[in-house]
Amino acid sequence: MALKYDLQEVEVWDGNYAAAHALRQAQVDVVAAYPITPSTAIVESYGQFVADGYVDGEFVMVESEHAAMSSCVGAAAAGGRVATATSSQGFALMIEVLYQASGMRLPIVLNVVNRALASPLNVREDHSDMYLGRDAGWIMLDSFNAQETYDLNLCAFRIGEHRDIRLPVMVNQDGFITSHTAQNVRPLSDEDAYKFVGVYEPVDELLDFSKPVTYGAQTEEDWHFEHKARQHKALIDARPVIEDIFAEFEKLTGRKYNRVETYMMEDAEVAIVALGTAVESARVAAKYLRDNEGIKAGVVAPRVIRPFPFDAIRTALEHCKAIGAMDRSSPGGALGMLFNEVSAAVYTTASRPLVTNYIYGLGGRDLTMENIKDIYRELKKNADAGHITTKIQQFVGLRGPKLEFFETRRS
Amino acid sequence: MAITSIKNLKEFSTANDRFEGAHLLCPGCAHSMIVRELLNCTNDNLVIASATGCLEVCTAVYPYTSWDTSWIHIGFENSATAVTGAEAMYKARKRKGTLKNPDAPVKFVAFGGDGATYDIGFQWLSGAVERGHDFTYICLDNEVYANTGGQRSSSTPIGASSTTAPAGRVSYGKKENKKDIVSIMAANGASYVAQVAPNKWKNMAQAFQKALSTEGPCFINAMSACTTEWKFDPKDTINISDLATDSLVFPLYEIVDGHELNITYRPKNIIPVKDYLAAQGRFRHLFKPENAHILEEWQKRVDANWERLQRREEARV
Numbered sequence: 003m004a005l006k007y008d009l010q011e012v013e014v015w016d017g018n019y020a021a022a023h024a025l026r027q028a029q030v031d032v033v034a035a036y037p038i039t040p041s042t043a044i045v046e047s048y049g050q051f052v053a054d055g056y057v058d059g060e061f062v063m064v065e066s067e068h069a070a071m072s073s074c075v076g077a078a079a080a081g082g083r084v085a086t087a088t089s090s091q092g093f094a095l096m097i098e099v100l101y102q103a104s105g106m107r108l109p110i111v112l113n114v115v116n117r118a119l120a121s122p123l124n125v126r127e128d129h130s131d132m133y134l135g136r137d138a139g140w141i142m143l144d145s146f147n148a149q150e151t152y153d154l155n156l157c158a159f160r161i162g163e164h165r166d167i168r169l170p171v172m173v174n175q176d177g178f179i180t181s182h183t184a185q186n187v188r189p190l191s192d193e194d195a196y197k198f199v200g201v202y203e204p205v206d207e208l209l210d211f212s213k214p215v216t217y218g219a220q221t222e223e224d225w226h227f228e229h230k231a232r233q234h235k236a237l238i239d240a241r242p243v244i245e246d247i248f249a250e251f252e253k254l255t256g257r258k259y260n261r262v263e264t265y266m267m268e269d270a271e272v273a274i275v276a277l278g279t280a281v282e283s284a285r286v287a288a289k290y291l292r293d294n295e296g297i298k299a300g301v302v303a304p305r306v307i308r309p310f311p312f313d314a315i316r317t318a319l320e321h322c323k324a325i326g327a328m329d330r331s332s333p334g335g336a337l338g339m340l341f342n343e344v345s346a347a348v349y350t351t352a353s354r355p356l357v358t359n360y361i362y363g364l365g366g367r368d369l370t371m372e373n374i375k376d377i378y379r380e381l382k383k384n385a386d387a388g389h390i391t392t393k394i395q396q397f398v399g400l401r402g403p404k405l406e407f408f409e410t411r412r413s
Numbered sequence: 002m003a004i005t006s007i008k009n010l011k012e013f014s015t016a017n018d019r020f021e022g023a024h025l026l027c028p029g030c031a032h033s034m035i036v037r038e039l040l041n042c043t044n045d046n047l048v049i050a051s052a053t054g055c056l057e058v059c060t061a062v063y064p065y066t067s068w069d070t071s072w073i074h075i076g077f078e079n080s081a082t083a084v085t086g087a088e089a090m091y092k093a094r095k096r097k098g099t100l101k102n103p104d105a106p107v108k109f110v111a112f113g114g115d116g117a118t119y120d121i122g123f124q125w126l127s128g129a130v131e132r133g134h135d136f137t138y139i140c141l142d143n144e145v146y147a148n149t150g151g152q153r154s155s156s157t158p159i160g161a162s163s164t165t166a167p168a169g170r171v172s173y174g175k176k177e178n179k180k181d182i183v184s185i186m187a188a189n190g191a192s193y194v195a196q197v198a199p200n201k202w203k204n205m206a207q208a209f210q211k212a213l214s215t216e217g218p219c220f221i222n223a224m225s226a227c228t229t230e231w232k233f234d235p236k237d238t239i240n241i242s243d244l245a246t247d248s249l250v251f252p253l254y255e256i257v258d259g260h261e262l263n264i265t266y267r268p269k270n271i272i273p274v275k276d277y278l279a280a281q282g283r284f285r286h287l288f289k290p291e292n293a294h295i296l297e298e299w300q301k302r303v304d305a306n307w308e309r310l311q312r313r314e315e316a317r318v
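Going down the list, the sequences are from chains C and H. Quick note: the first sequence uses the numbering used here, first residue 3, plus one each step. Quick note: the second sequence uses the numbering used here, first residue 2, plus one each step.
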C-alpha cells in the first residue's frame, strides 16, 4: 500500500509540483517518462514519491520521449491508469505516438509544460508545442496557474477514462510562469482526490486473456475514414461529459471550471481571447481599463482547447464589437490558430465582430501590462470605427520595425 | 493441448495454434513458421507486440486478425517499448491486485523485422533491454526492408543487391557488412541471446523456451529467408535456410548472461559460402568475374567468424 501524504489546507506549490501530486493522488498504475525542461520537475518529484513509498505503481524512466509515449500506449492497452509529462522538443518527438494513442482510444494523461520549439533552441514558454498537438485527436485542457494545473489533472483522468469518451487528455501549463512559480494551491486530501478520480475500469485490456484483443490494426481506404470520423465524433460528443465532470468537481471543491472561461464579458465591447498565463494578465488589464479609461473590456479563454468550444466561444463573444485573438506560437506563414478558430465561430453570428490577430511572447518574451492595454485600446478604436483600423495580424513586443500583415476589406 | 514435447514436428506445429493460418504473408515466407513456433512452444498467456512490417501488415488488417492472443502494434520503431509498457502495467496491477486472473503465467514478446530492430527501433530495443524488463524480443531477420519492397537495412549483407543499394555497372550492391546485432544485444545486458533459423526447428523451439523461461530481457535473432527479396522459389525456403546454416553464413549459437557462448548447431559437412550465395538472385551479380574478390572476402569473413565463435565458446568469457 502506498503511504498517505499529509497535506496542508493550503500548500505552496509550483505547477510542476502540483501536477506531480495530482498524479500521485490518482494512483497512476504506470508513469513512463523522460525528463525535459521545463517539465522535468514533474518527473523528478514523482520519482521522489516513488522512492519514499507514496506510489504503488510502476515508474519507468525510458530513453526518449518517443519511448515514453510508446510505453504509455502499451501500458494503457494493458488496462490501467497511465500518465506522463513533457515539453517542447520532447513533445515533438512524441507526436507520432500521440496520434496512435488517440487512434487506439487509450486514456492517457499527458502534462504538457508549454515551451518554444527550436530552432533557435529556446527553453522558455510559448505555445508552439501545444499548437503542434492540436490535430492529434487528444482532449486538450489549459491551465492558467498552478491550482488549475492540479485541478485539471484530476479532472483529466475522469474525462479521458469516461466510458463514452475513452480518449487521451493533455493538461497544458505555461513553462516557468506556471511550472516554476510557487503559488498557493489548495489540494484535496489523498482520499478525496482518489474518490473523485475513481477506480480505473479496464476496457479491452491486453491482460484479459479470456477475450484476446488486437490493438493497432491496419485500415486502408475501406475503413480508415470511418475510424477517424468516429474518433472526431467522440471528441465532439465529449463536450457535455466534460461539463458534467467540471460540475462535479465544483461541488467537491467550490472551484468552477467551464469549457470557455469568461471575465467581465456580460457587457464587454472589446475582448481578448488568449491561452495560458496571458489570460490572468489580460484580466488585470481589462479591470484597469474599465476602472480608469472607461473601456468595456473583457477576457475569453478556452479552458478546453480540444474539442474546440465553437459553440461556447461564439456565445461568449457574439455581442462584443472587436476581438483580439492572441497567439503565442509562430503562425508559420498564416494567421494564428486562435484567430482562425475564433473567427470561424463568430463568422456564423449575425453581429460578426471584428477580429484581429496578435502574435506575442514567442520563446518567453514578456507580455507586459502596457502591451495588453495597447491591444485593448486598439480594439476599442476598431469597435468605434466599425472596421479594423490596423493590419489584421500584428506582432507584439517584437524589437525592430513593426511587423504586421493582411488587410481588411470591410470599412 | 498442453505442450509436453517438441519431438514430433506435426504434433508440435498444431499444438496450440494461436496464430491463424489465414494471413497475407507471401507463400514460402519464413515469418509465419517462426511466429507459429514461438506461440506453440508455450502454454502461458502471451502479450505480443509487433513492429510495423511484413508480419504486422499481413496479420491484422481490420476487420480481421490472425492473432488469437493479446496483440498490439504501435509503430515501426517501438514494439519493444509497447510490450514492456504492458509488462510494467502487469507488474503494477499484480502488486495492486487488479488483474482478472492474477495466477495465470504471462509472457511478453515483441517481434520486429531487421529494419525495425537493427535500424529504426535500435534505440527503443536497447532502452528496453537496459531497463531489465522481463520480455523476449524476436527479430525476424530477412536482411532487407521487405514490406516496402526491398530497401537495404543495416542487416543487409555486403554484396546483396537491394532497391536502395542496387548492383549496377559500377557497383556490386551493398558496400557495408551486416551489423552484429547478437553481440550488441549480449553486450547490452540481455540475459539470454540466441541466433536461430527455422530449418533447425527443434533448436529454434529450445531457444524460444529458454528465452521465455529466463527472467529479464532476452533477444533472439531469427533468420527469416525472404522468397521475394532474396529471390528464390517459394518452395525452397527451408533449402535456402539449410544452405545458410550449413555454410555458417548464419551460425546458430546462444550467449547466456553476456558471456557464456554455446554453439548450438555444428554442420556435419560445411558447405562453401558461394553455394549459399549462388542460390539467390540478390547475389547473382557477385558471380561476374569482376566481383570474384567479393566472393573470396565473403568466405574469409565467414571462416573468421566461425573461428571467433569457437574461441569464445572455449574461453567462456
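Cβ coordinates follow ideal geometry from the N, Cα and C atoms, glycine included.
Open item on the list: Here's the rule: buried if 16 or more other CB atoms are within 10 angstroms of the residue's CB, otherwise exposed. What is Tyr152 (chain C)?
Closed with: buried
Open item on the list: Just to confirm before moving on: does the CB-CB distance between Ala347 (chain C) and Arg367 (chain C) stay below 8 Å?
Closed with: no
TODO: Alpha carbon to alpha carbon, how far is Tyr259 (chain C) from Asp239 (chain C)? Give it in angstroms, no decimals.
DONE: 18 Å
Open item on the list: Check whether chain H comes within 8 Å of Trp225 (chain C), counting only Cβ atoms and requiring the distance to be less than that.
Closed with: yes
Open item on the list: Would Lys92 (chain H) and Glu60 (chain C) be called neighbours here (beta carbons separated by less than 8 Å)?
Closed with: yes
- [ ] Determine the direct distance from the alpha carbon of Leu190 (chain C) to that of Thr165 (chain H), and round the result to whole angstroms.
- [x] 59 Å
Open item on the list: Whether or not the segment 222-233 of chain C and the segment 44-52 of chain C are in contact is what I'm after, with contact meaning three or more pairs of Cβ atoms, one per stretch, closer than 8 Å; do they touch?
Closed with: no
TODO: Starting from Gly1 (chain C), follow the beta strand (DSSP E) in both directions and report where the run begins and ends.
DONE: The displayed coordinates of chain C run from 3 to 413. Any statement about residue 1 (chain C) would go beyond what the structure contains.
Open item on the list: By the DSSP assignment, the beta strand (DSSP E) with Met63 (chain C) in it spans what residues?
Closed with: Glu60 to Met63
Task: Interface residues of chain C facing Val84 (chain H) [CB-CB closer than 8 Å] - done: Gly76
- [ ] Round the Cβ separation of Asn222 (chain H) and Ile185 (chain H) to the nearest angstrom and send it over; I've been treating them as touching at under 8 Å.
- [x] Not confirmed; about 10 Å, so no contact.
Open item on the list: Here's the rule: buried if 16 or more other CB atoms are within 10 angstroms of the residue's CB, otherwise exposed. What is Ile377 (chain C)?
Closed with: buried
Task: Phe397 (chain C) at chain H interface by Cβ criterion, 8 Å - done: no
Open item on the list: Check for me: the alpha helix (DSSP H) holding Met224 (chain H) runs from which residue to which?
Closed with: Per DSSP, Met224 (chain H) belongs to no alpha helix (DSSP H); it is in the beta strand (DSSP E), Cys219 to Met224.
Task: Arg367 (chain C) - containing beta strand (DSSP E), residue span - done: Premise fails: Arg367 (chain C) is in no beta strand (DSSP E) and is neither H nor E.
- [ ] Give a yes or no on whether 8 Å exceeds the smallest Cβ distance from Thr86 (chain C) to chain H.
- [x] no
Open item on the list: Is there a C-beta anywhere in chain C that falls below 8 Å from the one on Phe90 (chain H)?
Closed with: Position check: residue 90 (chain H) holds Met in this sequence, whereas Phe was assumed. Taking Cβ atoms only, chain C reaches closer than 8 Å to Met90 (chain H), which makes this a yes.
- [ ] Determine the DSSP secondary structure at Met332 (chain H), reduced to helix, strand or coil.
- [x] Outside the displayed range of chain H (2 to 318) lies residue 332 (chain H), so it cannot be described from this structure.
Open item on the list: Could you check whether the Cβ of Tyr63 (chain H) sits closer than 8 Å to any Cβ belonging to chain C?
Closed with: yes
Open item on the list: Please identify the residue among C:Ala4, C:Gln233, C:His389 and C:Ala303 whose C-alpha is closest to the C-alpha of Gly55 (chain C).
Closed with: C:Ala4
Task: Per-residue burial, Ile271 (chain H) [other beta carbons within 10 Å of its own, 16 or more giving buried] - done: exposed
Task: Chain-ordered chain H contacts of Gly82 (chain C) [CB-CB under 8 Å] - done: Met90, Ala93, Arg94 and Thr99
Open item on the list: DSSP three-state label for Thr229 (chain H), please.
Closed with: helix
Task: Validate contact between the segment 141-160 of chain C and the segment 337-346 of chain C using beta carbons, cut 8 Å, 3 pairs - done: no
Open item on the list: Tell me which residues of the segment 203-221 of chain C have at least one Cβ-Cβ distance to chain H shorter than 7 Å, keeping chain order.
Closed with: Leu208, Leu209, Asp210, Phe211, Pro214, Val215, Thr216, Tyr217, Gly218, Ala219, Gln220 and Thr221
Open item on the list: Please identify the residue among H:Gly151, H:Thr99 and H:Val107 whose C-alpha is closest to the C-alpha of Glu203 (chain C).
Closed with: H:Thr99
TODO: With DSSP as the reference, please indicate the residues paired to Gly114 (chain H) in a beta bridge.
DONE: H:Leu141
- [ ] Would you tell me roughly how many angstroms separate the C-alpha atoms of Gln207 (chain H) and Tyr254 (chain H), rounded to the nearest one?
- [x] 12 Å
Open item on the list: Against chain C, does Arg132 (chain H) count as a neighbour if the rule is that its beta carbon must be under 8 Å from one of theirs?
Closed with: yes
Open item on the list: So the candidates are C:Arg411, C:Gln175 and C:Val306; which of them puts its Cα closest to the Cα of Phe248 (chain C)?
Closed with: C:Val306
Open item on the list: Would Glu267 (chain C) and Val215 (chain C) be called neighbours here (beta carbons separated by less than 8 Å)?
Closed with: Reading off the sequence, residue 267 (chain C) comes out as Met, not Glu. No; because the gap between Cβ atoms is not below 8 Å, this pair is not in contact.
Open item on the list: Cβ closer than 7 Å: which chain H residues qualify as neighbours of Glu1 (chain C)?
Closed with: This structure cannot settle anything about residue 1 (chain C), because the visible part of chain C is limited to 3 through 413.
TODO: Go ahead and label Leu123 (chain C) buried or exposed: buried means 16 or more other beta carbons lie within 10 angstroms of its beta carbon, across all protein chains shown.
DONE: exposed
Open item on the list: Please tell me whether Ala117 (chain H) has its Cβ less than 8 Å away from any Cβ of chain C.
Closed with: no
- [ ] Ignoring anything shorter than 3 residues or poking outside the segment 158-219 of chain H, list the beta strand (DSSP E) runs there in chain order.
- [x] 193-197
Task: Residues that Ile256 (chain H) bridges to, as DSSP identifies them - done: H:Val194 and H:Leu262
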